[in-house]
Amino acid sequence: MRAYQQQAEIVRSEKLSDDIYRFTVNMADIAAGSKPGQFVMVRVAEGLDPLLRRPFSIHQVAKGGLVQILFKVVGRGTRALAGMQPGQQLDMLGPLGRGFAHDRPGQHYLVGGGIGIAPLLFLAKRMLKTVEPSAIRVLLGAATGTELDVLGEDFASLGIDVQLATEDGSLGEEGLVTELMASLPPGEGTVYACGPYPMLRVVAGISRKKGWECQVSLETMMACGLAACLGCAVLRRDMNGYVHACKDGPVFNADEVAWL
Amino acid sequence: MAIEQPDMRVSIGPLHLQNPVMTASGTFGYGEEYGSLVNLHRLGAIIVKGISLRPRQGNPPPRIAETAAGMLNAIGLENVGLERFLAEKIPFLEGIETPLIVNILGDSVDDYQELAARLDGEEKVAALEVNISCPNVRHGGVAFGTDPEMAHAVTKAVRDHFSRPVIVKLSPNVTDITVIARAVEEAGADALSLINTVLGMAIDIEAEKPKLANVFGGLSGPAIKPIGLRMVWQAAESVSLPIIGIGGITTPEDAIEYLLAGACAIQVGTANFINPGATEEIIRGIGKHLTARGIDSVQELTGRARRR
Chain A
18 MRAYQQQAEI VRSEKLSDDI YRFTVNMADI AAGSKPGQFV MVRVAEGLDP LLRRPFSIHQ
78 VAKGGLVQIL FKVVGRGTRA LAGMQPGQQL DMLGPLGRGF AHDRPGQHYL VGGGIGIAPL
138 LFLAKRMLKT VEPSAIRVLL GAATGTELDV LGEDFASLGI DVQLATEDGS LGEEGLVTEL
198 MASLPPGEGT VYACGPYPML RVVAGISRKK GWECQVSLET MMACGLAACL GCAVLRRDMN
258 GYVHACKDGP VFNADEVAWL
Chain B
25 MAIEQPDMRV SIGPLHLQNP VMTASGTFGY GEEYGSLVNL HRLGAIIVKG ISLRPRQGNP
85 PPRIAETAAG MLNAIGLENV GLERFLAEKI PFLEGIETPL IVNILGDSVD DYQELAARLD
145 GEEKVAALEV NISCPNVRHG GVAFGTDPEM AHAVTKAVRD HFSRPVIVKL SPNVTDITVI
205 ARAVEEAGAD ALSLINTVLG MAIDIEAEKP KLANVFGGLS GPAIKPIGLR MVWQAAESVS
265 LPIIGIGGIT TPEDAIEYLL AGACAIQVGT ANFINPGATE EIIRGIGKHL TARGIDSVQE
325 LTGRARRR
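Just so you know, the protein sequences line up as chains A and B, in that order. Using our numbering, you'd call the opening residue of the first sequence number 18 and step up by one each time. Using our numbering, you'd call the opening residue of the second sequence number 25 and step up by one each time.
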């Protein structure tokens, strides 16, 4: 797999809620080689502080070499990034990592929590090239409705069945996305999930019970994204050694990793 | 009139490089990881992730934390071990003309000796860098780097079993770096490289616990450059061995500072993470600096600030 380091112009910045942003950037080489579930490493400041790049999963790829990232302001890096404007250049590195394997038979369940929804739109669009919309179901959860409304519509506009859950009940069902998942009917299926670790642990457990293959996209601290720093260690299922989110993931089969 | 390109070649004792810019161990994988982002043939040397006799799993996560203009790591020397290194990693590196320097680490003098003997048989290995200074493992590692007698013993064991250049990488986590530097020189090292990471820590104030599972980690990045520079200066004063400067080098200017302090070559570390193109940019930048100042050879920079 070939990675590129590119200066990419921000062509559009959307503020989807108080602290969620969507950037559209122009980076043809990265766009052309990307697969759903892969990520980019973004330099969020020109100076030396914050120092490290930040990993973002690829949210969407569009014609003309455009790539979107979706992010929530959670710290210094994302705050710096949110302040950047269209016309400015971003130093991007990618596409990196192993994405989703979506050539599976049966029903496809895309399960996203919070900002973990990001890679699922790209996945849904890529899936629709080979499967009918009726074979895909999307379950999204967030703390409150403003984090979900725009994204929910993006999926719905593809003709896919979308179910929403919010912790405060302001949109969709009141509760967690895992509760929506637990009420799904049995049958042949594959789960593609991204979100906070506690959510993914529950998703993995439900999938096992229902006999579904489960692929999870894990978020870890990482410095390089290139398997050089080895900072993004994830404990193996057999508790004997580590896999690395940047190279072996970020998408793992839920059976590959230990759920602590 | 033809513009003369400055001579970028350097010699580190018996080791001859096309330019003074190398990759620091642990920040460049086994070379292949950067193959699509860096022209590996342009580098002065490639120093690979530290190798031990047997594979090491490394420390539990979290292993890294960002700090002001720097980062902490406690990877715990995770590596594939000597056998897999020879079988899986060397073949790629054999296709790269750039000299390969293998960083080695062990729990005992015997470990270092065996690694040296085994790698002596590998023609592609141009030199060894002996890691006596990693702060993140409990046995060996830093114990060798902070005790002059142990540093001497490890260096001598490697020296006696490896026929090509031996570089010893020093820890900054000592009161007086010149004591260790002299012990290593006396044991027969061909060159010194310094500094390794500076022991530090960070605390998560929400969770009220250390950010690293290992509690302590090695600080690297721009934040440590003044420390590295000072120690290179001190080491250059106390030994006559060639010195390879390491610590926070991110720009050509940083590299030039180290050369002026007394280093004859430098290693780029954490900067590889934030800018994979850093090594090539630094090579070009040093060349431009020499041209702009009318200096014929990069070797003339070494120690120049000491003579003022």
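Note that CB positions come from ideal geometry on N, CA and C, so glycine has one too.
Span of the alpha helix (DSSP H), counted from its first residue to its last, around residue i
{"i": "Ala97/A", "result": "93 to 99"}
{"i": "Ile223/A", "result": "214 to 227"}
{"i": "Gly105/B", "result": "105 to 108"}
{"i": "Tyr282/B", "result": "276 to 285"}
{"i": "Lys113/B", "result": "Looking at the DSSP string, Lys113/B is not in any alpha helix (DSSP H), and its letter there is neither H nor E."}
{"i": "Thr202/B", "result": "201 to 210"}
{"i": "Met255/B", "result": "249 to 262"}
Interface partners of residue i on chain B, CB under 9 Å
{"i": "Leu168/A", "result": "Here the premise fails: no neighbours, minimum Cβ distance about 27 Å."}
{"i": "Arg115/A", "result": "The premise fails here: Arg115/A is roughly 15 Å from chain B at the closest Cβ pair, so nothing lies under 9 Å."}
{"i": "Arg96/A", "result": "By Cβ distance, chain B contributes nothing, its closest Cβ being about 14 Å from Arg96/A, past 9 Å."}
{"i": "Arg154/A", "result": "Those do not exist, as Arg154/A stays about 33 Å from chain B at its closest Cβ, beyond 9 Å."}
Simplified DSSP state of residue i, which is helix, strand or coil
{"i": "His76/A", "result": "strand"}
{"i": "Pro47/A", "result": "In the sequence as displayed, the identity of residue 47/A is Ile instead of Pro. Residue state, collapsed to three classes: helix."}
{"i": "Glu95/B", "result": "The sequence shown places Met at residue 95/B, not Glu. Three-state result, Met95/B: strand."}
{"i": "Tyr259/A", "result": "strand"}
{"i": "Arg39/A", "result": "strand"}
{"i": "His119/A", "result": "coil"}
{"i": "Pro267/A", "result": "strand"}
{"i": "Asn299/B", "result": "coil"}
{"i": "Phe56/A", "result": "strand"}
{"i": "Asp228/B", "result": "strand"}
{"i": "Ala167/B", "result": "helix"}
{"i": "Met25/B", "result": "In this prediction, Met25/B scores a pLDDT of 47, lower than 50, which makes its location untrustworthy; the coordinate-derived value is nonetheless stated afterwards. Coil."}
{"i": "Glu304/B", "result": "helix"}
{"i": "Leu152/B", "result": "strand"}
{"i": "Thr315/B", "result": "helix"}
{"i": "Phe240/B", "result": "coil"}
{"i": "Ser151/A", "result": "helix"}
{"i": "Glu118/B", "result": "helix"}
{"i": "Tyr136/B", "result": "helix"}
Member of the options whose CA lies at the smallest distance from the CA of residue i
{"i": "Ala167/B", "options": "Val198/B, Arg317/B, Leu283/B, Arg78/B", "result": "Val198/B"}
{"i": "Ile177/A", "options": "Ala199/A, Ala160/A, Ala152/A", "result": "Ala152/A"}
{"i": "Thr274/B", "options": "Thr122/B, Glu304/B, Val133/B", "result": "Glu304/B"}
{"i": "Lys20/A", "options": "Val148/A, Met58/A, Ile223/A", "result": "According to the sequence provided, residue 20/A is Ala. The question's Lys does not apply to it. Taking only the C-alpha atoms, the option nearest Ala20/A is Met58/A."}
{"i": "His65/B", "options": "Arg254/B, Pro123/B, Pro234/B", "result": "Pro123/B"}
{"i": "Val148/A", "options": "Tyr126/A, Ile134/A, Ser224/A, Ala135/A", "result": "Tyr126/A"}
{"i": "Ala89/B", "options": "Thr202/B, Leu236/B, Ile71/B", "result": "Leu236/B"}
{"i": "Lys193/B", "options": "Ala207/B, Asp184/B, His185/B", "result": "Ala207/B"}
{"i": "Glu153/B", "options": "Ala92/B, Pro85/B, Leu129/B, Met32/B", "result": "Leu129/B"}
{"i": "Cys132/A", "options": "Ser200/A, Thr207/A, Phe73/A, Arg115/A", "result": "First, the amino acid is wrong: residue 132/A is Ile here, not Cys. Checking every option, the nearest Cα to that of Ile132/A belongs to Phe73/A."}
{"i": "Ala18/B", "options": "Ile306/B, Ser262/B, Leu101/B, Leu39/B", "result": "This structure cannot speak to residue 18/B, because chain B is shown only from 25 to 332."}
{"i": "Gln124/A", "options": "Met239/A, Val208/A, Pro267/A", "result": "Val208/A"}
{"i": "Cys231/A", "options": "Ala245/A, Tyr214/A, Gly206/A, Ile86/A", "result": "Gly206/A"}
{"i": "Thr47/B", "options": "Thr294/B, Gly82/B, Gly309/B", "result": "Thr294/B"}
Chain-ordered chain A contacts of residue i [CB-CB under 7 Å]
{"i": "Glu57/B", "result": "Leu243, Ala244, Ala245"}
{"i": "Ile125/B", "result": "By Cβ distance, chain A contributes nothing, its closest Cβ being about 16 Å from Ile125/B, past 7 Å."}
{"i": "Gly242/B", "result": "By Cβ distance, chain A contributes nothing, its closest Cβ being about 12 Å from Gly242/B, past 7 Å."}
{"i": "Ile307/B", "result": "Within chain A, no residue comes near Ile307/B; the closest Cβ sits about 16 Å away, beyond 7 Å."}
Continuous beta strand (DSSP E) stretch holding residue i: start and end
{"i": "Tyr21/A", "result": "21 to 32"}
{"i": "His176/B", "result": "Premise fails: His176/B lies in the alpha helix (DSSP H), 172 to 185, not in any beta strand (DSSP E)."}
{"i": "Asp69/B", "result": "Checking the sequence, you will find Ala at residue 69/B rather than Asp. Ala69/B -> beta strand (DSSP E) spans 69 to 75."}
{"i": "Asp178/A", "result": "178 to 183"}
{"i": "Leu127/A", "result": "124 to 130"}
{"i": "Arg254/A", "result": "It is not in any beta strand (DSSP E) - Arg254/A carries neither H nor E in the DSSP assignment."}
Within chain B, partners of residue i - CB distance below 7 Å
{"i": "Asp272/A", "result": "Going along chain B, no residue has its Cβ under 7 Å from Asp272/A, so there is no contact; the nearest lies around 19 Å."}
{"i": "Thr237/A", "result": "Pro85"}
{"i": "Arg60/A", "result": "Ile298"}
{"i": "Tyr107/A", "result": "Note on identity: in this sequence residue 107/A is Leu, with Tyr being the wrong assignment. Chain B residues near Leu107/A: none, gap ~13 Å exceeds 7 Å."}
Chain-ordered neighbours of residue i on chain A, where CB pairs are closer than 9 Å
{"i": "Pro246/B", "result": "Leu65, Asp66, Leu68"}
{"i": "Gly301/B", "result": "Gln22"}
{"i": "Ile99/B", "result": "Cys246, Leu247, Gly248, Ala250"}
{"i": "Ile201/B", "result": "Near Ile201/B there are no residues of chain A at all, since even the closest Cβ is about 25 Å away, more than 9 Å."}
Interface partners of residue i on chain A, CB under 8 Å
{"i": "Met95/B", "result": "Leu68, Leu69, Ala240"}
{"i": "Glu102/B", "result": "Leu247, Ala250, Tyr259"}
{"i": "Thr81/B", "result": "It should be pointed out that residue 81/B corresponds to Gln in this sequence rather than to Thr. Asn257, Gly258, Tyr259, listed in chain order."}
{"i": "Ala92/B", "result": "Asp66"}
Any chain E beta carbon closer than 8 Å to residue i
{"i": "Ile88/B", "result": "Annotation note: the requested chain E is absent from the structure, which comprises protein chains A and B."}
Worksheet item: When you check each C-beta in the segment 267 to 279 of chain B against every C-beta of chain A, which residues fall closer than 8 Å?
Response: Thr274
For this session: Anything in the segment 21 to 35 of chain A with a Cβ closer than 7 Å to a Cβ of chain B? List those residues in chain order, please.
Result: Gln22
Can you list, in chain order, the residues of the segment 51 to 76 of chain B whose Cβ is nearer than 7 Å to any Cβ on chain A? Thr51, Phe52, Gly53, Glu57, Tyr58, Ser60, Leu61
**Asked** Between the segment 247 to 263 of chain A and chain B, which residues of the former have CB atoms less than 8 Å from a CB of the latter, in chain order?
**Response** Leu247, Gly248, Cys249, Ala250, Val251, Leu252, Asn257, Gly258, Tyr259
**Message:** Residues of the segment 206 to 227 of chain A in Cβ contact with chain B at a cutoff of 8 Å, in chain order, please.
**Reply:** none
*If contact means a Cβ-Cβ distance below 9 Å, which residues of the segment 75 to 90 of chain A contact chain B?*
none
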